[in-house]
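Just so we're aligned: 311 in the UniProt record's numbering is position 311 of the sequence shown, and the numbers increase by one with no gaps anywhere. Here a beta-carbon is modelled for each residue, glycine too, at the ideal position from N, C-alpha and C. Note that the structure is predicted; figures quoted are calculated from it, not measured.
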Amino acid sequence: MKAIMMTAIGNPDVLELHDIDEPEISTATQVKVRLKAAGVNPVDTKIRHSGLLYDHPLPVVLGCDGAGEVIETGSAVSQFKPGDKVWFCHGGLGREQGNYAEYTVLDQRWVSLMPQTCSFAEAAALPLVLITAWGGLFDRGGLQAGQTVLIHAGAGGVGHVAIQLAKLKGARVIATVRSEQKAEFVKAMGADEVILYTQDGLADAVNELTGGKGADLVFDTVGAEVFKASIPATAHFGRLVTLLDPGELSLAEARMRNLLIGFELMLTPMLRDLPEARDKHVEILKQCAQWVDRGLLKTHISKQLPLAEAAKAHELIETGHSTGKIVLTV
1 MKAIMMTAIG
11 NPDVLELHDI
21 DEPEISTATQ
31 VKVRLKAAGV
41 NPVDTKIRHS
51 GLLYDHPLPV
61 VLGCDGAGEV
71 IETGSAVSQF
81 KPGDKVWFCH
91 GGLGREQGNY
101 AEYTVLDQRW
111 VSLMPQTCSF
121 AEAAALPLVL
131 ITAWGGLFDR
141 GGLQAGQTVL
151 IHAGAGGVGH
161 VAIQLAKLKG
171 ARVIATVRSE
181 QKAEFVKAMG
191 ADEVILYTQD
201 GLADAVNELT
211 GGKGADLVFD
221 TVGAEVFKAS
231 IPATAHFGRL
241 VTLLDPGELS
251 LAEARMRNLL
261 IGFELMLTPM
271 LRDLPEARDK
281 HVEILKQCAQ
291 WVDRGLLKTH
301 ISKQLPLAEA
311 AKAHELIETG
321 HSTGKIVLTV
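Pasting the structure below:
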């Protein structure tokens, strides 16, 4: 089969199209999927640039997000049959095969029926960002109806679905973006107010919108400087959740505000082999599939590229300016 192989640690040109053996079912509960599309996420570029998350020799196939059609099932598979259209977040971290390929094999436990109204490309764009946004907003952030949430980088892959999930919960959403064009985009996604992000003026802008209170929850999808600037924008007794390492900084103001600080790394259940936590991920996909089919949740694909152009997809993500998601079609 055709697959994109990460042949070394380095720049996007280490991603090469190769012919490799098709994976085969090896346990009774596995399904074989003909992949139709693979989502491209920032974690893919970080692994390519910095190294695998497992002690495994190169080359490997990257790509956590996949969507496709079941073509074969193991003897004990009870949930799926050939012809089922499925989506999932599995592999691509350096141990199990990722989804930059024509076929994959995985246990039925980690698979879910994709939304009926989605294309394969749209389905492949969603799993990792949906699970991440859900975890940050609800599991770590405890977001409730009527609360105000500040979502950083609202036009990004995680950000644009986080806005929609927060609105489905009944929250008021303030989003930060870096351009007027992206401001219009996040408004279309449901943001109630938009701040053109400047680090120095963030707290003042949020406090002006909230009558001096600050946001009940701040969801940082950017990193250390944004995390630091978000502390005075968070309400006293509020929550500040980040996807990244905030680095070394003074937490004196966070302590004075009695903030709950949380970290959301949706890869932890895969990296630490926590099957019950991964079960929760599948339940999130099932719930979100219902919302997608009801027209309450959608993804924005800024670029759709053929599998052979995986290197170009990585280049686009690393500019930091893409809106929504980038997808490879197989």
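In the structure shown, D139 falls within a helical segment according to DSSP collapsed to helix, strand and coil. In the structure shown, M6 falls within a strand segment according to DSSP collapsed to helix, strand and coil. For I326, the beta-bridge partners assigned by DSSP are V40 and K303. In the three-state DSSP reduction, V61 falls in the coil class, being neither helix nor strand. Q108 carries a helical assignment under DSSP once its states are collapsed to helix, strand and coil. Segment contact: the segment 142-151 against the segment 83-95, fewer than three CB-CB distances shorter than 8 Å; contact not assigned.
In this structure, DSSP gives A313 a helical state, which the three-state scheme calls helix.
A straight line joining the alpha-carbon of V241 with that of L217 spans about 8 Å. Here I131 carries a helix assignment [DSSP, helix/strand/coil]. L58 places its beta carbon 8 Å or farther from that of I47. Within the same chain, and ignoring the five residues on either side of K32 in sequence, the residues whose Cβ sits closer than 8 Å to its Cβ are P23, E24, I25, V70, I71, E72, T73, Y103, T104 and V105. F219 is not a Cβ neighbour of L128, given a cutoff of 8 Å.
Residue burial is scored here from C-beta neighbours: F120 has at least 16 other C-beta atoms within 10 angstroms and is therefore classed as buried. For A153, the closest of P306, L113 and E225 by C-alpha to C-alpha distance is E225.
Short of 7 Å from the beta carbon of G247, and not among the five residues preceding or following it, lie these beta carbons of its own chain, in chain order: A224. Between L249 and K228, the C-beta gap is smaller than 8 Å, which places the two residues in contact.
Excluding sequence positions up to five before and after K286, its CB lies within less than 7 Å of the CB of S112, all in the same chain and listed in chain order. In the structure shown, Q164 adopts helical secondary structure according to DSSP, grouped into three states. C-alpha of Q304 to C-alpha of G214: approximately 38 Å in a straight line.
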